[in-house]
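Protein chains in written order, with this note's numbering: chain A, 633 to 1128; chain B, 633 to 1128.
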């Protein structure tokens, strides 16, 4: 047996064991009025791409049909791997003419089933569109194809003295096209801002195969409607992003991390305010972890707090240009925070290995939770600072009997709380809906958002009419109709 | 004669003397198929607003019909001053039903005639919608009505420790609604980024009077299409912005400014690179001024270089949180720049009055040029850094005989060059078109943008089909049709 075949069987087994039920069945979805792939369609795709890039083998397809968190699973029987914008254009043009639904896919790390098919959509992957096209070393403007892995872009930029203004847990897998399409946020948004601010240009293919050139590489360019923003955060439902031009800032020369222990959430907020005053322009991340999450980290990830047990933990990072200044700022902050009793304990790291050791505690959380499969419910919320943690108690109370434990951690610096719930039992659809309803009701009561950075994808699409005013939703639907009249692009997602 | 009447007459005389020819005549514009204001329309508006806020007096109307640079002049005979979103909604609903064209107007500081009517559009001003509604002191999120003057918001934020992430020359006059609608840039974009990154939420009224609530005050909120971006930079042609929610960063505690003399543009670019390395996170502005501009400043504005004569000048600013660190960084930079011969001379200011003295040199330039009326042609371009100044020579050559002098200055840090030309004679339409054609051709040859931050307005609308691909323009037109099917909002602007 060839090595490749063995590997494929291993993969197949892994996916068969872990694979969730088919989405269409689990969520009782009604298939849209699209055609199904016929032999002649496959033949046509083999004319556009070479045969190797038209994948129809069910074993090979499994991982493209299943999402990163094993929550959803499509039944697509074809995967296309274009290498050029022209190929994407030809594919979409054909699919639009023949009413074949399409699921654009990047690194397939969506937390909400946004990147896998629901039925038999044609999966169009960006994985072979992975070239970094150019870098302007005067300005830090990088132009790349949509399938570039985020971390690869950053590694390419590092020796040139620039940094990608985005850092998320999935950076080793996710594609920049997906990051743009989902307006990915992550840990350093507090320093760099979001994709709407950092993307200078986009090339996208619309549903009918038209190539839309919004490839400005200028920081200021006010010439007409800023169409690129239509494709940022619309999760592949308005167009297929093929190229991205990013403004990358100078790479900070020095990093420091600190891990702090605090007594209660009120002190967490006060410490955050103090942090902003002292560290201001060098503050690049402010993450919070609560006690249940730290206990989970200890048990599941075999990692531990480096400073002993406290009710809350803050992980902060500075990124600056002058080692001595950065350290001085951090120490001035720590001194005051300790003196005023805002923090109870803290440790600081300046060496890369030690910084990474601190960060890995935070970065590994999501992987730990993945092991819980459907017993784990994850909520990616935004809340006004004052109520960031207040939301947990009412959720615990309202889910008593159903939940085993409720966890709160996340990007405090941006008001982004990752709220996770481990249920006592496997989540049935009915159970999940009940808990969802509780969480979303509380989020609404606190004027928060039910999706801070993960988007809507498939799993939250059904809630859109509850959280958006009717005329806002109507406009979204009309924008969708304008750009994709046959509704072939990523159906069942975002707007349904 | 009452004081008010005297004042009005003075105003009228001033405007009559300076007023440009009527736009419709000067540019030979064909009026759109809109209805004209009738008595019953005025009566209806008097029902929506009280009489005082329905202005029909031709003297009062003059300044609303004429632009800031005396380039264009409309013939509107009615100005409405709503105080609430509901009033804006009622006005637009009525205008849409009755096919009356509308010109939304903020502080009327558009450089391209974007904010005054071309014919008899109903002017709807935001000047009475000037309340700051709330500030979240934990996060720096400020919610305000569209008619707040930019500087007033900043003054309100100053004692609370925050800063508006936008600073433009017209700050004492321009309205935040206009800033958002034009995606205003300014001097500190290098530090704070543009409006797409800083606006968290928008309330806008669409052409049919529908109130669109995109008023998220959360930094991360990925729930469906990010519709607010449709209104950022579309210059009031897709909707009337009524409220804005801005993310405001902590106000830097310390500022420093430096004024440097340099030998040539190559050294300007090298100095900019050195600047980014040394000042990195505290660098908040990098402005360049060339010799002709400095001579102009000396002659017209009676200001002078504080360091004597050099071929080029850089004005830089730092904004940071630690006085000693900031000054040390600046001195380390200056030391190296002098030692390596990148700069020939320089002066540094740390006291507010001295900083302001340096800045006023730069800030007053636009006012000086205004005095030249139609002999002065202004171009707001973006260029890749390496060609930022290279563009001037070919423009001088190609306009020889027509131009008296060509000036280059601007926001180097963002690649934004303000290129001004003083003509030998008053600009006829034909002459202006010839010079425009030269400039735009050169900008295109250098892969630049013909509008970095000023937008398209009325004056550049005719060039849109030359600078945008056909399908991009089509999509813009379709978006316009979707949001404003009768084309009542700011007609003759941006997309024609």
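A virtual CB, placed ideally from N, CA and C, is assigned to each residue, including glycine.
Bear in mind that the values here come from a model prediction, so they are computed numbers and not experimental data.
Residue 1068 of chain B - DSSP class collapsed to helix/strand/coil = helix
Let me know the secondary structure DSSP gives residue 821 of chain A once reduced to three states.
-> helix
What first and last residue would you give for the beta strand (DSSP E) that runs through residue 658 of chain B?
-> Residue 658 of chain B -> not in any beta strand (DSSP E); alpha helix (DSSP H) instead, spanning 655-658.
Considering only residues of the region 832-915 of chain A, which uninterrupted alpha helix (DSSP H) runs meet the minimum length of 4 residues and lie entirely inside it, listed in chain order?
-> 860-863 and 897-911
Determine the DSSP secondary structure at residue 1101 of chain B, reduced to helix, strand or coil.
-> coil
Beta-bridge pairing of residue 666 of chain B - partner residues as DSSP gives them | Note: residue 666 of chain B sits in no beta bridge, so no partner.
Quick one: does residue 906 of chain A have its CB under 9 Å from some CB of chain B?
-> no
Can you tell me which of the three DSSP states residue 926 of chain B falls into?
-> helix
Return the first residue and the last residue of the alpha helix (DSSP H) that residue 957 of chain B is part of.
-> 955-971
Residues of chain B with a CB under 9 Å from the CB of residue 681 of chain A: which are they?
-> Simply none; closest approach about 24 Å.
Identify the contact partners of residue 1046 of chain A in chain B, using a Cβ-Cβ distance below 8 Å as the criterion.
-> 851 and 852
Tell me the start and end of each unbroken alpha helix (DSSP H) in the region 1032-1098 of chain A that is at least 4 residues and wholly inside, in chain order.
-> 1061-1077
Mind pulling the alpha helix (DSSP H) runs of 4 or more residues that sit fully within the region 663-716 of chain A?
-> 671-680 and 690-697
Among A:876, A:934 and A:1105, which residue has its Cα nearest to the Cα of residue 764 of chain A?
-> A:876
Residue 706 of chain A versus residue 749 of chain A - alpha carbon distance = 5 Å
Inter-residue CB distance, residue 710 of chain A and residue 669 of chain A (contact presumed, cutoff 8 Å) = 5 Å
Measure from the alpha carbon of residue 998 of chain A to the alpha carbon of each residue in A:851, A:897, A:1042 and A:1072, then state which is nearest.
-> A:1042
Between the Cα of residue 786 of chain A and those of A:843, A:708 and A:880, spot the shortest distance and give me the residue it belongs to.
-> A:880
Do you know how far the Cα of residue 701 of chain A is from the Cα of residue 753 of chain A?
-> 20 Å
Where residue 903 of chain B falls, given that 16 or more other Cβ within 10 Å makes a residue buried | buried
Taking C-beta to C-beta, are residue 929 of chain B and residue 996 of chain B nearer than 9 Å?
-> yes
Selection from A:890, A:1066 and A:712 that minimises the alpha carbon distance to residue 918 of chain A | A:890
If you run the structure through DSSP and keep just helix, strand and coil, what is residue 723 of chain A?
-> helix
Could one say the Cβ of residue 977 of chain B lies closer than 9 Å to chain A's Cβ atoms, at least one of them?
-> no
Over what stretch of residues does the alpha helix (DSSP H) that includes residue 992 of chain A continue unbroken?
-> 984-995
For residue 1096 of chain A, which residues of its own chain have a beta-carbon under 7 Å away from its beta-carbon, when the five flanking residues on both sides are left out?
-> 1088, 1105 and 1127
Are the beta-carbon atoms of residue 821 of chain B and residue 1045 of chain B separated by less than 9 Å?
-> yes
By Cβ distance, which residues of its chain are closer than 8 Å to residue 1055 of chain A, with the 5 residues on each side in sequence left out?
-> 1007, 1008, 1009, 1034, 1035, 1036, 1063 and 1067
Apply the 10 Å Cβ neighbour rule to residue 952 of chain B and answer buried if 16 or more other Cβ atoms are within range, or exposed otherwise.
-> buried
Taking 9 Å as the CB-CB cut-off, is residue 966 of chain B touching chain A?
-> no
Which of helix, strand or coil DSSP assigns to residue 766 of chain B | strand
Can you list, in chain order, the residues of its chain whose CB lies under 8 Å from that of residue 784 of chain A, leaving out five sequence neighbours each side?
-> 762 and 764
Please classify residue 1024 of chain B: does DSSP put it in a helix, a strand, or coil?
-> helix
Should residue 854 of chain A go down as buried or exposed, given a rule of 16 or more other Cβ atoms within 10 Å for buried?
-> buried
Taking residue 917 of chain A as the query, report the chain B residues whose CB atoms sit under 7 Å from its CB, ordered along the chain.
-> Near residue 917 of chain A there are no residues of chain B at all, since even the closest Cβ is about 14 Å away, more than 7 Å.
On the premise that residue 747 of chain B lies in contact with residue 1153 of chain B, defined as a C-beta separation below 8 Å, what is that separation, rounded to the nearest angstrom?
-> Shown here, chain B extends from 633 to 1128; a query on residue 1153 of chain B therefore has no answer.
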